[in-house]
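In terms of this note's numbering, the sequence shown opens at residue 12 and continues consecutively. Every residue, glycine too, gets a C-beta built ideally from N, C-alpha and C. Notes follow once the structure below has been shown.
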Amino acid sequence: MRPVRTIRTQVGIVGAGPAGLTLAGLLGRQGIETVVLENKSRDYIEHRIRAGVLEQGSVELLEEAGVAGRLKREGLVHHGIELQFDGERHRVPLTELTGGASIVIYGQTEVVKDLVSARLAAGAPLLFEVQDVRLADIDSHCPRVEFSLEGQVTQLECDVVAGCDGSHGVSRATIPAGVLSSYSREYPFAWLGILAAVAPSSDELVYAHSPRGFALLSMRSPQLSRLYLQCRPDEDIASWEDARIWEELQLRLGLPGWTLAEGPVLEKGVTPMRSFVVEPMQYGNLFLAGDAAHIVPPTGAKGLNLALHDVRILAEALVDYYATGSKKSLAAYSERCLRRVWRSEHFSWWMTSMLHRSWDGDQYDEKLQVAQLRYTVTSGAAAASLAENYVGTAKA
Ligand code: FAD
Ligand code: DHB
Numbered sequence: 012m013r014p015v016r017t018i019r020t021q022v023g024i025v026g027a028g029p030a031g032l033t034l035a036g037l038l039g040r041q042g043i044e045t046v047v048l049e050n051k052s053r054d055y056i057e058h059r060i061r062a063g064v065l066e067q068g069s070v071e072l073l074e075e076a077g078v079a080g081r082l083k084r085e086g087l088v089h090h091g092i093e094l095q096f097d098g099e100r101h102r103v104p105l106t107e108l109t110g111g112a113s114i115v116i117y118g119q120t121e122v123v124k125d126l127v128s129a130r131l132a133a134g135a136p137l138l139f140e141v142q143d144v145r146l147a148d149i150d151s152h153c154p155r156v157e158f159s160l161e162g163q164v165t166q167l168e169c170d171v172v173a174g175c176d177g178s179h180g181v182s183r184a185t186i187p188a189g190v191l192s193s194y195s196r197e198y199p200f201a202w203l204g205i206l207a208a209v210a211p212s213s214d215e216l217v218y219a220h221s222p223r224g225f226a227l228l229s230m231r232s233p234q235l236s237r238l239y240l241q242c243r244p245d246e247d248i249a250s251w252e253d254a255r256i257w258e259e260l261q262l263r264l265g266l267p268g269w270t271l272a273e274g275p276v277l278e279k280g281v282t283p284m285r286s287f288v289v290e291p292m293q294y295g296n297l298f299l300a301g302d303a304a305h306i307v308p309p310t311g312a313k314g315l316n317l318a319l320h321d322v323r324i325l326a327e328a329l330v331d332y333y334a335t336g337s338k339k340s341l342a343a344y345s346e347r348c349l350r351r352v353w354r355s356e357h358f359s360w361w362m363t364s365m366l367h368r369s370w371d372g373d374q375y376d377e378k379l380q381v382a383q384l385r386y387t388v389t390s391g392a393a394a395a396s397l398a399e400n401y402v403g404t405a406k407a
């Protein structure tokens, strides 16, 4: 199909997830024009339940993008997390161990809603339900994104394309074979997650190591609990009726004198676990950001935070480019991001390995995990290491 319409912008952004929308917000504040293309509907992206923990740096970035009003009012500021093993809970005082840093519990759905409404209120282009998105001439000075919308084929001419279209998007696949190196790790685990209409049974998140497998108690608000269970990657969600999920959560999280409050299950799903990185995160005038370039397993809540860190670096480099005409900062983008990417890859792998039970019940593994957990909560240095990685202040 030949394009029937051509539009022009400075930065074409593929994908309206946290990465694409935040990048658009940051650039908009600096007077840089963007067009954001999303292949799903607004309703779909605003209700796709995913992450819930924001590092302090992520909160500051959303403030800079001008979208933190509701987050500041409704987000739950947490100063610690709990690690549970051998039938006991141990608090890791994040704020105390990091010289004052904290995290904020605020759902990715809410971050996306805030970003979308700010974008639309500003009258800036954000096109939903575009189809047949295709990148062309990404190694030229005028890369293009072709797409169709309501049957009309359009070509978007840009200076730069930001590929923020997640792990299954089209951007990464446009880069010619042989350019990218990829590094990955599969895990034999997945998480069965539920959102439940019940007040969280703990003030802080609980990461639980148990002989039945990992479980996590998290939350979205004072009325909404978010809970996860380690399961198999091919787990059939249909075999997990609500009563069975609660029963398993009680077994993994329960302690003498403490029970988990149960409530109606509003949503449930299975999330597979994977580690994946491509290097470099750039080819020609295409820059990959967020899940388009890397995936972490969810243990440690790094995925969303890493996506936001990428676009902070990309926005700075683009502002520099438009101010000076020099591509020096853009050329350094990938290297600057990858240091933190690999720090988070390591932390997520480490948390995953320490907390998940191997399916063959390997007792040696289990003993090592408990030794590591005990060391983490008894050694100030080990606890501080977990804390600075968790809140995102660890040097990369
Ligand atoms: P995405 O949020 O994936 O956004 C990409 C956007 O691009 C999407 O809106 C997509 O529809 C759009 N898109 C895709 N293809 C095209 C195309 N061809 N054209 C136009 N648009 C396109 N992280 C945590 O820290 N904790 C968690 O609990 C957690 N749970 C998760 C659960 C699931 C099921 C998944 C998939 C991820 C989870 N993550 C979690 C990871 C975290 O949500 C991601 O790291 C984060 O969404 C990354 O943001 P992003 O903007 O890079 O990508
Ligand atoms: C949540 C997800 C995580 O991956 C995590 O480590 C902590 C909390 C959540 O969805 O609330």
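Got a sec? Which residues, its chain only, sit under 8 Å from residue i by beta carbon, not counting five neighbours each side?
i: D148; result: P154, R155
i: L191; result: R183, V289, E290, P291, Y294
i: K124; result: E57
i: I248; result: L203, K279, G280, V281
Return the Cβ separation of residue i and residue j in integer angstroms, given the expectation that the two are a contact with Cβ distance under 8 Å.
i: C242; j: V288; result: Not confirmed; about 25 Å, so no contact.
i: L87; j: I116; result: 4 Å
i: L137; j: R145; result: Their Cβ separation, rounded to whole angstroms, is 19 Å, which puts L137 and R145 out of contact at 8 Å.
i: E157; j: Q166; result: 5 Å
i: T109; j: A398; result: 5 Å
i: H367; j: E215; result: In fact, because the Cβ distance is near 21 Å, the residues do not count as touching under 8 Å.
Within a Cβ cutoff of 6 Å, which residues of the same chain sit near residue i, ignoring the five residues on either side of it in sequence?
i: Q119; result: R61, A62, L315
i: S178; result: D302, I306
i: S417; result: Only positions 12 to 407 of the chain appear in the structure, and residue 417 is not among them; the question remains open.
i: V70; result: V115
i: A393; result: Y386, T387
i: S221; result: R263
i: M365; result: Q380, Q383
i: D150; result: G295
i: D373; result: none
i: Q21; result: I43, E44, D170
i: L297; result: I149, V172, G174
i: H320; result: R351
i: G68; result: G403
i: V330; result: Q41
i: R223; result: L262, R263
i: I186; result: Y294
i: T363; result: P308, T310
So for residue i, helix, strand or coil by DSSP?
i: G174; result: strand
i: F96; result: strand
i: P104; result: coil
i: P29; result: helix
i: I186; result: coil
i: S195; result: strand
i: T389; result: helix
i: L297; result: strand
i: K406; result: coil
i: V307; result: coil
i: E313; result: In the sequence under discussion, the amino acid at residue 313 is Lys, which differs from the Glu named in the question. Coil, per DSSP.
i: S396; result: helix
i: E215; result: coil
i: R13; result: coil
i: Q21; result: coil
i: V209; result: coil
i: H220; result: coil
i: H409; result: An answer regarding residue 409 cannot be provided, because it is not within the stretch 12 to 407 covered by the chain.
i: V281; result: strand
Please return the same chain residues whose Cβ sits closer than 7 Å to the Cβ of residue i, not counting the five positions on each side in sequence.
i: P233; result: A210
i: L260; result: A226, L238, L240, L271
i: F96; result: H220, V381, L384
i: W361; result: none
i: R53; result: V127, F139
i: R323; result: L72
i: A79; result: V70, L73
For the ligand GDP, I want to know if residue i counts as a neighbour, meaning its beta carbon is within less than 7 Å of at least one of the ligand's heavy atoms.
i: N400; result: Looking for the ligand GDP in the displayed structure turns up nothing; the ligands present are the ligand FAD and the ligand DHB.
- Query: Using the beta carbon as the reference atom, which residues fall closer than 5 Å to any heavy atom of the ligand DHB, ordered along the chain?
  - Reply: Going by the Cβ distance cut-off, the answer is G63, V64, S229, R237, P309, A312.
- Message: So within the region 331–371, which uninterrupted beta strand (DSSP E) runs reach at least 3 residues, ignoring any that extend past its ends?
- Response: Counting whole runs of 3 or more residues, the region 331–371 contains no beta strand (DSSP E) stretch at all.
- What are the start and end residues of each continuous alpha helix (DSSP H) run of 4 or more residues lying completely inside the region 97–162, in chain order? Whole alpha helix (DSSP H) segments, 4+ residues: 105–108, 119–132.
- Message: Restricting to runs no shorter than 4 residues, where is the alpha helix (DSSP H) found entirely within the region 224–272?
- Response: As for any alpha helix (DSSP H) of minimum length 4 sitting wholly inside the region 224–272, the runs are 253–264, ordered along the chain.
- Message: Extract the residue ranges of the beta strand (DSSP E) inside the region 23–85, only unbroken runs of 3 or more that lie entirely within it.
- Response: Whole beta strand (DSSP E) segments, 3+ residues: 45–48, 64–66.
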